[in-house]
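Residue numbers (UniProt numbering), protein chains in the order written: chain A, 1 to 213; chain B, 1 to 534.
Backbone N, C-alpha and C fix where the C-beta goes; we use that ideal spot for every residue, glycine too.
First up is the structure itself, then whatever we jot down about it.
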């Protein structure tokens, strides 16, 4: 029997890092330099025929990046099961903001077992960086591990690099969690919503070198 | 042009030319929105009449005079000097005198009063503004085009003052524009597309300046995304006025209109007010409570599906619907919005019927003239069933619900005129007749579109003209065949697929509305493929 999943996935990150471009590329296979600034939130739907038994409907929430919209995010994040956090490789400040977004996310939404929602880090606009991120690979790997990202990808909405891959990675993690839930529902364990092991345990020290690149 | 339409224009002109303008009558005229072709005057008058010059009007002077009076314009010029030119000069001067860095101000000075410090702080705001104004109304070329009246104060050939664009480019963009060789086709060498010759400036740069000055004068709000979408239509209204006097002062006039509009509206943009009585959350809630009153069934449905007002009404309310419609429609709606007695309260009655998909006469009562007919939104019910909020985006365009234009005014051109889409229609018809094996397949229109656009907008009027004649039509059509053959592979395929032209808009300046970006892609792709084959 075919199973259908509907997943709410957030796309967040600073202003102008290319969130809308990534979504438009992923959903409509188009690219333009000129998308209007997103005000509040926008939506897109991507249907994935995952395998012969599974259809995944990804509801992508394109969330405005400017600080002013911070109050709205609590409402927008509700019931999300995954997130893509985007930064712009040509602007160090947008990378510095990644942790701010991750904290905001973990604070406002958790999975039903209290764990943080899986998040994938996207280093966008890779077509514009001169030497790419090759020299940064180990640092970003560590960064992701320390800060609870399930993975990271160097992406370009313009050249269509790695966007499918990043989404696939996220969906894999979401599906794994879903199966986990259905397989081992332990009636004796009560999950406290809002309680998040990970935030507390997370190592907050960041290495100086990888905060700027 | 129908006689009743002429009458309305006469009425409007008469109202404006009276010694003492009857604001109420003017409002009513604007509200009914039957003045689409003179509406550029309407918006201005509406914005200013109420917020801007109402006191002067009541003293018996005339709106127009009060408005054209240059007092405000001088003040604006003063702002430009203080906030854009002076810091630029100061920076240049400071940069030269490097010897006494310890005594004078210098770039690393941590003192909050340091002029350098302010300069760098301003740049952060400016960078945000810059990102947004460059992508203002991407579906039309207007904002990318040079203005006829660049700001002489700043572009003064004798003094090389720093323009805001250059200021931003110097601070950050330089590192960003480097593209790695080999990757992706560089279809437009960036300077051809983006940089206008010296002494020119694009309309978006004017808007950038307006927003920057506003941010400097209102540090509590500074710049919030979305302000650009509010300045846009106002500036457009002034800058395309047939009267060149208005055009010339578009920048200063827009600035004051915008400032006055914001004085009523700014609470929407202030984060700390979000949850207060005057904040946006309250307004969003009131949309829902109004909806509850008017259509309980729909309200319950939305509640059931957990669809929050924040998901869609936020943008509608803060931007006054300016992102939901094409620009001419926005201007039309704003006419009513600004001329309504309750001002922005009227926004909610506009929104509600667009949400309701079961029309009934009792519900219509409150929707006023603008929303005289609201067609059922078919997709709204599918949203309810599907519960997929992704559909909201499509459902949420209230335009479907409003009958904005009495159809004959907007759609039919006067005798002897034909719209560009009619030409395209002919081309496709001839092609179908000549190729009965293929006839017409949906999508061909999207391919003819860019090609036709390229010819029809050629600066050389000979080309332009020929596009309209039958011979050129045939030629275009022949090229179309070639393009179609070659389009199956290569970058042009990608380029052409990008082109979704709108030939919907008619005689207005929007006749050839399209993204500059799309347009250039189309031009490059079409040129490469037609020229190499024909």
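For residue i, would you say it is in contact with chain B, using Cβ-to-Cβ distances shorter than 8 Å as the test?
i, result
"residue 151/A", "no"
"residue 35/A", "yes"
"residue 162/A", "no"
"residue 123/A", "no"
"residue 21/A", "no"
"residue 135/A", "no"
"residue 166/A", "no"
"residue 18/A", "no"
"residue 1/A", "no"
"residue 68/A", "yes"
"residue 83/A", "no"
"residue 114/A", "no"
Using beta carbons (cut-off 8 Å, strictly below), is residue i in contact with chain A?
i, result
"residue 455/B", "no"
"residue 150/B", "no"
"residue 328/B", "no"
"residue 318/B", "yes"
"residue 412/B", "Here residue 412/B scores only 49 on pLDDT, less than 50, and its place in the model should not be relied on; the value that follows carries that caveat. False, the Cβ-Cβ gap to chain A never drops below 8 Å."
"residue 405/B", "For residue 405/B, the predicted model reports a pLDDT of 38, less than 50, meaning its position is unreliable; a value from the coordinates is still stated below. Closer than 8 Å: no."
"residue 184/B", "Any reading at residue 184/B needs caution, since the residue's pLDDT is 40, under 50, leaving its predicted position unreliable; the model's value is listed next. Yes, residue 184/B lies at the interface with chain A (some Cβ there is under 8 Å from its Cβ)."
"residue 135/B", "yes"
"residue 282/B", "no"
"residue 199/B", "no"
"residue 314/B", "yes"
"residue 308/B", "yes"
"residue 132/B", "yes"
"residue 226/B", "yes"
Report yes if the C-beta distance between residue i and residue j is below 8 Å; otherwise report no.
i, j, result
"residue 227/B", "residue 255/B", "no"
"residue 69/A", "residue 40/A", "yes"
"residue 35/A", "residue 233/B", "no"
"residue 21/A", "residue 119/A", "no"
"residue 65/A", "residue 13/A", "yes"
"residue 252/B", "residue 125/B", "no"
"residue 89/A", "residue 125/A", "yes"
"residue 535/B", "residue 423/B", "Given a span of 1 to 534 for chain B in the structure shown, any question on residue 535/B remains unanswerable."
"residue 133/A", "residue 154/A", "yes"
"residue 150/B", "residue 220/B", "no"
"residue 147/B", "residue 77/B", "no"
"residue 111/B", "residue 117/B", "yes"
"residue 48/A", "residue 23/A", "no"
"residue 87/A", "residue 37/A", "no"
Expressed to the nearest angstrom, what Euclidean distance is found between the alpha-carbon atoms of residue i and residue j?
i, j, result
"residue 245/B", "residue 74/B", "15 Å"
"residue 284/B", "residue 309/B", "6 Å"
"residue 205/B", "residue 15/A", "20 Å"
"residue 235/B", "residue 261/B", "13 Å"
"residue 334/B", "residue 224/B", "21 Å"
"residue 203/B", "residue 82/B", "22 Å"
"residue 121/A", "residue 85/A", "5 Å"
"residue 10/A", "residue 76/A", "8 Å"
"residue 164/A", "residue 33/A", "20 Å"
"residue 100/A", "residue 106/A", "10 Å"
"residue 456/B", "residue 432/B", "22 Å"
"residue 74/A", "residue 110/A", "12 Å"
"residue 439/B", "residue 448/B", "14 Å"
"residue 132/B", "residue 231/B", "12 Å"
"residue 197/B", "residue 303/B", "55 Å"
"residue 181/A", "residue 3/A", "15 Å"
"residue 323/B", "residue 313/B", "12 Å"
"residue 159/A", "residue 445/B", "27 Å"
"residue 18/A", "residue 94/A", "11 Å"
"residue 127/B", "residue 237/B", "26 Å"
"residue 85/B", "residue 30/A", "41 Å"
"residue 298/B", "residue 340/B", "27 Å"
"residue 10/B", "residue 259/B", "31 Å"
Give me the Cβ distance between residue i and residue j, rounded to the nearest whole Å; I'm assuming they're in contact under 8 Å.
i, j, result
"residue 58/A", "residue 7/A", "6 Å"
"residue 79/B", "residue 213/B", "5 Å"
"residue 348/B", "residue 290/B", "6 Å"
"residue 267/B", "residue 278/B", "4 Å"
"residue 102/A", "residue 147/A", "6 Å"
"residue 273/B", "residue 207/B", "In fact, because the Cβ distance is near 25 Å, the residues do not count as touching under 8 Å."
"residue 5/A", "residue 179/A", "Contact flag wrong, Cβ pair sits at about 11 Å."
**OP:** Inspect the CB distances between the segment 47 to 56 of chain A and the segment 133 to 144 of chain A and report whether three or more fall short of 8 Å.
**Re:** no
**OP:** Could you tell me whether the segment 313 to 320 of chain B touches the segment 281 to 295 of chain B, using the rule of 3 or more Cβ pairs below 8 Å?
**Re:** yes
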